[in-house]
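Engineer:
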Amino acid sequence: MLPELGVILADIIFPIFEYISPYVPGEFFPNFFNGETQALQRSLLGSLMVTIIAGFLGSFLLVRNLAMIGDGLAHVAFGGVIIGIILGASTPLWYAMICSIIASISIYELQSREILTGDASIAIFMTGMLAFGLVILKLSGRAITTDIHSYLFGSQLLIDWENLNLISYMSLVSLIGLFTLRHALLAITIDPLSARVQGLPVRKIGLMFSIIIAIVVVSMVKIVGALLVTALLVTPAATAQLIGRSFKSCVFWTQIFGFVSVMIGLYMSSEHGTGTGSSIALTAAIIFVIIGLLSGVSKTIKLGKM
Amino acid sequence: MEAATANQSGLEEPILEIDNLTVFRSGKLVLKDVNLRVDRGEFVGIVGPNGSGKSTLLLAILGVLKSQEGNIKIYNSKPMSRKLYGKIGWVSQAAANLPKDIRITINELVHLGTINAKNMLNWFPMKDNGQRKRVKAAIEMVGLQGFENFDIGRISGGQRQRAVIARALATEAEFILLDEPLVGMDRESRNSLLKLLDRFCHDNGKTIIMVSHDLSAIRQTTHRMIFLEETIRFDGPSANFPDLESLALARGITHTHEEENELWLRNLGDVKEER
Numbered sequence: 010m011l012p013e014l015g016v017i018l019a020d021i022i023f024p025i026f027e028y029i030s031p032y033v034p035g036e037f038f039p040n041f042f043n044g045e046t047q048a049l050q051r052s053l054l055g056s057l058m059v060t061i062i063a064g065f066l067g068s069f070l071l072v073r074n075l076a077m078i079g080d081g082l083a084h085v086a087f088g089g090v091i092i093g094i095i096l097g098a099s100t101p102l103w104y105a106m107i108c109s110i111i112a113s114i115s116i117y118e119l120q121s122r123e124i125l126t127g128d129a130s131i132a133i134f135m136t137g138m139l140a141f142g143l144v145i146l147k148l149s150g151r152a153i154t155t156d157i158h159s160y161l162f163g164s165q166l167l168i169d170w171e172n173l174n175l176i177s178y179m180s181l182v183s184l185i186g187l188f189t190l191r192h193a194l195l196a197i198t199i200d201p202l203s204a205r206v207q208g209l210p211v212r213k214i215g216l217m218f219s220i221i222i223a224i225v226v227v228s229m230v231k232i233v234g235a236l237l238v239t240a241l242l243v244t245p246a247a248t249a250q251l252i253g254r255s256f257k258s259c260v261f262w263t264q265i266f267g268f269v270s271v272m273i274g275l276y277m278s279s280e281h282g283t284g285t286g287s288s289i290a291l292t293a294a295i296i297f298v299i300i301g302l303l304s305g306v307s308k309t310i311k312l313g314k315m
Numbered sequence: 004m005e006a007a008t009a010n011q012s013g014l015e016e017p018i019l020e021i022d023n024l025t026v027f028r029s030g031k032l033v034l035k036d037v038n039l040r041v042d043r044g045e046f047v048g049i050v051g052p053n054g055s056g057k058s059t060l061l062l063a064i065l066g067v068l069k070s071q072e073g074n075i076k077i078y079n080s081k082p083m084s085r086k087l088y089g090k091i092g093w094v095s096q097a098a099a100n101l102p103k104d105i106r107i108t109i110n111e112l113v114h115l116g117t118i119n120a121k122n123m124l125n126w127f128p129m130k131d132n133g134q135r136k137r138v139k140a141a142i143e144m145v146g147l148q149g150f151e152n153f154d155i156g157r158i159s160g161g162q163r164q165r166a167v168i169a170r171a172l173a174t175e176a177e178f179i180l181l182d183e184p185l186v187g188m189d190r191e192s193r194n195s196l197l198k199l200l201d202r203f204c205h206d207n208g209k210t211i212i213m214v215s216h217d218l219s220a221i222r223q224t225t226h227r228m229i230f231l232e233e234t235i236r237f238d239g240p241s242a243n244f245p246d247l248e249s250l251a252l253a254r255g256i257t258h259t260h261e262e263e264n265e266l267w268l269r270n271l272g273d274v275k276e277e278r
């Protein structure tokens, strides 16, 4: 049996939350920190972990021109969740993970063998798997319950210890994977043929990356919801591209924008009841627009001076 | 110089040996009966009109084509074999192919050249196995020092091309293949790049095969020229390569300055075929 990583992390990080809780603004927002409801602390911890790993993955997705794969795999994962629920699984995320790993590898194979280039393969898996889930849901005679609904739009407050453990492990595994592969990934992205000539196992690296994408997406589905996964995966990374000057600095800025989006989003949703997933997504998009306008203005000023 | 003596005595193995290479791509004959031998320290220019199979020849040497007949040996090994990892540097067609919307600095780009199967899973950012030194050396070789932290999207085409070559140099490969490195460069940066490549062959003992359709530039710099059109139609010292003037005179052709290059290539094809 694996140790309960979520519980271990909580033991370390919840005291930090409690320590800063007096300085947190808002009426309801401090409850995420102060430990009166552990469910809220769990949701904050889960959100932060997911944001960190989504930011790292997003930076690589953008350079590999795979921005939409997150959305596609999230739909596949949602289909997997429905299957899991129908089969009576206590943690349907496992089913989601198996489905999206299979889909992710298939998409990679289709693209690298040039059978279907671009987003077409993503579109097929996304709709096919989602439809499959919905059809067997009808066949089983059920309707879309709140439980299923929560996977569409995210349900931070429903994160129990089991979910937190699973999400912690997924984040840890994908973080280690991405960190280990970071140079190789960049090399096979920028110039795949040169990478092959240098002796890098391009196919293996691509496959491992596909698995990592699937794991990260599934870890996000419970928290931000299948429909909004792309918001945390792509938007902060895209914002970072506007101001970063190197790949490293882009990775750094992605983390900043992701963190700010989550914090403002959680604040808005807890104070004004705007819904967590959508608030986070909206904040991320607004930050993109603001930074985009600012960098546009500063470029114009620079050009004007020259 | 050491290389030259070895060549003359014929003791050294050739770097590249191609026997009767025939390549079909999507059912169409692209290369037929190509025979080629390249020795260490040679700077070979391959020219030919569009679609003459120049790039295909390079891809065959790299070993990424699916169907081909004939034999290719590099350092006495089959293309893409394990022994060749890190021995070949590849500079792909026009650095313009680099995605420009990616924020990556020259330093980061060149560093990718130092990644291989052994060090790609580097856990400790501090432990770099001399990679940083190789990056610095490669950047200096192409004369981009001072630009290390410039984003490749925001430098000129010539600088980007140099950065891509530096990436190939950082692999510390002895044998470098370049596909159309001169595209989109102005005369000045083109000349300095050619000088640079020439120096690699002379001073550093590297072997270079460069594909281009800029005939005059290649003729001035390379030692040996190959005219390729489905098969090798000319192979010899660059000085013996017929220049456009003599070709045009021989056939009574007048040409406009813009089409000079294309015309030269086309005429070469005709002349060789008649012979």
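Sequence lines, in order, name chains S and Z.
Position one of the first sequence corresponds to residue 10 (our numbering), numbered consecutively onward.
Position one of the second sequence corresponds to residue 4 (our numbering), numbered consecutively onward.
Just so you know, even glycine gets a beta-carbon here, dropped at the ideal spot from N, CA and C.
Computed from a prediction, not measured in an experiment: that's the story for all the values here.
Let me know if residue 160/S comes out buried or exposed under the rule of 16 or more other beta-carbons within 10 Å of its beta-carbon.
Structural biologist: Result: buried.
Engineer: Are the C-beta atoms of residue 78/Z and some chain S residue less than 8 Å apart?
Structural biologist: Judged by the 8 Å Cβ criterion, residue 78/Z is not in contact with chain S.
Engineer: Excluding the 5 residues flanking residue 260/Z on each side, which residues of the same chain have their C-beta closer than 6 Å to its C-beta?
Structural biologist: Unreliable placement is indicated for residue 260/Z, whose pLDDT of 45 sits below 50; the coordinate value is still reported in the next sentence. Closer than 6 Å at the Cβ level, and outside the excluded window around residue 260/Z, lies no residue.
Engineer: With distances taken between CB atoms, is the gap from residue 243/S to residue 55/S smaller than 8 Å?
Structural biologist: Their beta carbons are not under 8 Å apart, which means residue 243/S does not touch residue 55/S by this criterion.
Engineer: In the DSSP output, what is residue 72/Z paired with across the bridge?
Structural biologist: DSSP output for residue 72/Z lists 25/Z as bridge partner(s).
Engineer: Which whole runs of the alpha helix (DSSP H) in the stretch 51-139 of chain S are 4 residues long or more, in chain order?
Structural biologist: The stretch 51-139 of chain S contains these whole alpha helix (DSSP H) runs: 78-95 and 102-121.
Engineer: Answer yes or no: does any C-beta atom of chain Z fall closer than 8 Å to that of residue 108/S?
Structural biologist: No, because no Cβ of chain Z sits closer than 8 Å to the Cβ of residue 108/S.
Engineer: Going by other Cβ atoms of all chains shown within 10 Å of its Cβ, with 16 needed for buried, is residue 104/S buried or exposed?
Structural biologist: Buried, because 16 or more other Cβ atoms sit within 10 Å of the Cβ of residue 104/S.
Engineer: In whole angstroms, give me the CA-to-CA distance for residue 178/S and residue 51/S.
Structural biologist: Rounded to the nearest angstrom, the two C-alpha atoms are 14 Å apart.
Engineer: When you check each C-beta in the stretch 120-142 of chain Z against every C-beta of chain S, which residues fall closer than 9 Å?
Structural biologist: The stretch 120-142 of chain Z vs chain S, Cβ under 9 Å: 120, 121, 122, 123, 124, 125 and 126.
Engineer: Taking DSSP's pairing of strands, which residues face residue 240/Z in a bridge?
Structural biologist: Residue 240/Z is bridged to 227/Z.
Engineer: Distance, Cα to Cα, residue 89/S vs residue 203/S?
Structural biologist: Straight-line Cα distance between these residues: approximately 38 Å.
Engineer: If you reduce the DSSP assignment to three classes, tell me which class residue 182/Z lands in.
Structural biologist: In this structure, residue 182/Z counts as strand in the three-state DSSP scheme.
Engineer: What residues match up with residue 262/S in a beta bridge as DSSP calls it?
Structural biologist: Paired residues: none, contrary to the question.
Engineer: With a threshold of 8 Å, are at least 3 pairs of Cβ atoms found where one atom belongs to the stretch 208-218 of chain S and the other to the stretch 138-145 of chain S?
Structural biologist: No, because fewer than three Cβ pairs between the stretch 208-218 of chain S and the stretch 138-145 of chain S fall closer than 8 Å, the two stretches do not touch.
Engineer: Once you ignore the five residues that flank residue 196/Z on each side, which residues in its own chain have a CB closer than 8 Å to its CB?
Structural biologist: Within the same chain, residue 196/Z has close Cβ partners 161, 164, 165, 168, 184, 185 and 188.
Engineer: Please list the partners that residue 189/S has in chain Z, where partner means a Cβ-to-Cβ separation under 9 Å.
Structural biologist: Chain Z residues near residue 189/S: 123, 124, 125 and 126.
Engineer: By the criterion of Cβ-Cβ separation under 8 Å, what are the contact partners of residue 55/Z in chain C?
Structural biologist: Structure shown: chain C not included; protein chains present are S and Z.
Engineer: Please name the residue or residues paired with residue 41/Z in a DSSP beta bridge.
Structural biologist: According to DSSP, residue 41/Z bridges with 19/Z.
Engineer: Who does residue 154/Z pair with in a DSSP beta bridge?
Structural biologist: Answer is 108/Z.
Engineer: So, helix, strand or coil for residue 48/Z, using DSSP?
Structural biologist: Strand at residue 48/Z.
Engineer: What does residue 254/S touch in chain Z if you count any residue whose Cβ is under 9 Å from its own?
Structural biologist: By Cβ distance, chain Z contributes 106, 108, 152, 153, 154 and 157.
Engineer: Expressed to the nearest angstrom, what Euclidean distance is found between the alpha-carbon atoms of residue 31/S and residue 43/S?
Structural biologist: Going from the Cα of residue 31/S to the Cα of residue 43/S covers about 8 Å.
Engineer: Closer than 8 Å by C-beta to residue 187/S: which residues in its own chain qualify, once you throw out the five before and the five after it? Chain order, please.
Structural biologist: Hits under 8 Å: 62, 65, 66, 69, 194 and 221.
Engineer: Quick one, are the C-beta atoms of residue 40/Z and residue 19/Z less than 8 Å apart?
Structural biologist: Yes. Within cutoff.
Engineer: By DSSP, does residue 188/Z sit in helix, in strand, or in coil?
Structural biologist: It is coil, neither helix nor strand.
Engineer: Output yes or no for whether 8 Å exceeds the beta carbon distance between residue 290/S and residue 245/S.
Structural biologist: Contact flag unset, no.
Engineer: Quick check on the DSSP output: the alpha helix (DSSP H) that includes residue 215/S runs from which residue to which?
Structural biologist: Per DSSP, residue 215/S belongs to the alpha helix (DSSP H) from 211-233.
Engineer: Residues of chain Z with a CB under 7 Å from the CB of residue 24/S: which are they?
Structural biologist: Correct list: empty, because the minimum Cβ distance to chain Z is about 30 Å.
Engineer: Using a 10 Å radius around the Cβ and a threshold of 16 neighbouring Cβ atoms, would you call residue 11/S buried or exposed?
Structural biologist: So residue 11/S ends up on the exposed side.
Engineer: At what residues does the alpha helix (DSSP H) containing residue 186/S begin and finish?
Structural biologist: Per DSSP, residue 186/S belongs to the alpha helix (DSSP H) from 170-199.
Engineer: Work out the CA separation of residue 66/Z and residue 220/Z for me, nearest whole Å.
Structural biologist: Rounded to whole angstroms, residue 220/Z to residue 66/Z spans 28 Å at the Cα level.
Engineer: Looking at C-alpha atoms only, which residue of 223/Z, 136/Z and 176/Z is the closest neighbour of residue 243/Z?
Structural biologist: Among 223/Z, 136/Z and 176/Z, the Cα nearest to that of residue 243/Z is on 223/Z.
Engineer: Which bits of chain S does residue 174/Z rub up against, with CB to CB less than 7 Å?
Structural biologist: Here the neighbours are 207.
Engineer: Give me the DSSP bridge partner(s) of residue 213/Z.
Structural biologist: BP columns for residue 213/Z point to 48/Z and 181/Z.
Engineer: Applying a beta-carbon distance threshold of less than 8 Å, which residues of chain S neighbour residue 118/Z?
Structural biologist: The answer, in chain order, is 192, 193, 196, 204, 207 and 209.
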